């Protein structure tokens, strides 16, 4: 009996450690560490079939203002809502792709969202075209825009900011009207003859995202 209890404890500890490593505690999305592992696996699978992959990077606009004026709890709420919007769109696309293709092997490459750290998110699109990646990113951006301007969202931020002394005299709308998502999709053709490192796959999207943020778009 003691051995069984000890074994259960070890399994529980392993599960907790695995969850902590692969899951972002705030949003419930996959972590950057898991992105690096699963991204390499997906690239290898797609390269064997000479297919396209895409990385779409998202960055929350003006999250720093929310944090500065309304506090950490409000900023965390914005991050969680952004994660919800992204994962809802991923599930929508994954359900559609699965209905079209029942192959278990090919459906291993369905999309999954990740929180890369701070206000940055990434989605690895294992089945994609240029238009699909752009359409996906625009739908996420539009949905998050609507969320940030909903009464529920603003009422929640108003309630959370009561604990932040820095929010005195700051207009809620003035700050939240600036909150949104900037995105940068990067579609890559991969093949077994030309293997691509995951870091190389990310760099194009990162560069585009930086340029867009600097331009204020």
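In my numbering, the protein residues as written are 2 to 218.
We put the CB at the ideal spot given by N, CA and C, even for glycine.
Treat the numbers as computed from the prediction; the structure is a model and nothing was measured.
Rounded to the nearest angstrom, the Cβ distance from residue 79 to residue 61 is 6 Å, consistent with a contact under 8 Å. As computed with DSSP, residue 121 is found in a beta bridge with 60 and 118. Annotation: residue 70 to residue 174 spans about 12 Å, alpha carbon to alpha carbon.
CA-to-CA, the gap between residue 76 and residue 129 works out to about 32 Å.
DSSP, read as helix, strand or coil, puts residue 31 in strand. Taking 9 Å as the cut-off, the beta carbon of residue 141 is found closer than this to the beta carbon of residue 59. Spatial neighbours of residue 179 in its own chain (CB-CB distance under 8 Å, excluding positions within 5 residues in sequence) are listed in chain order as 62, 63 and 66.
Membership of residue 157 in the alpha helix (DSSP H) is indicated by the continuous run 152 to 161. By the criterion of at least three beta-carbon pairs nearer than 8 Å, the stretch 113 to 129 is in contact with the stretch 26 to 39. CA-CA distance, residue 29 to residue 172, rounds to 30 Å.
Distance between residue 54 and residue 120, taken at the CA atoms: about 23 Å. Sequence-distant Cβ neighbours of residue 138 in its own chain, meaning closer than 6 Å and more than five residues away, are 57, 184 and 186. Counting of Cβ neighbours within 10 angstroms places residue 89 among the exposed residues, the total staying below 16. Going by C-alpha positions, residue 124 is about 10 Å away from residue 117. For residue 81, the closest alpha carbon among the candidates 154, 150 and 160 is that of 154. Annotation: residue 27 to residue 210 spans about 23 Å, alpha carbon to alpha carbon. For residue 142, the uninterrupted alpha helix (DSSP H) run begins and ends at 131 to 149, by DSSP.
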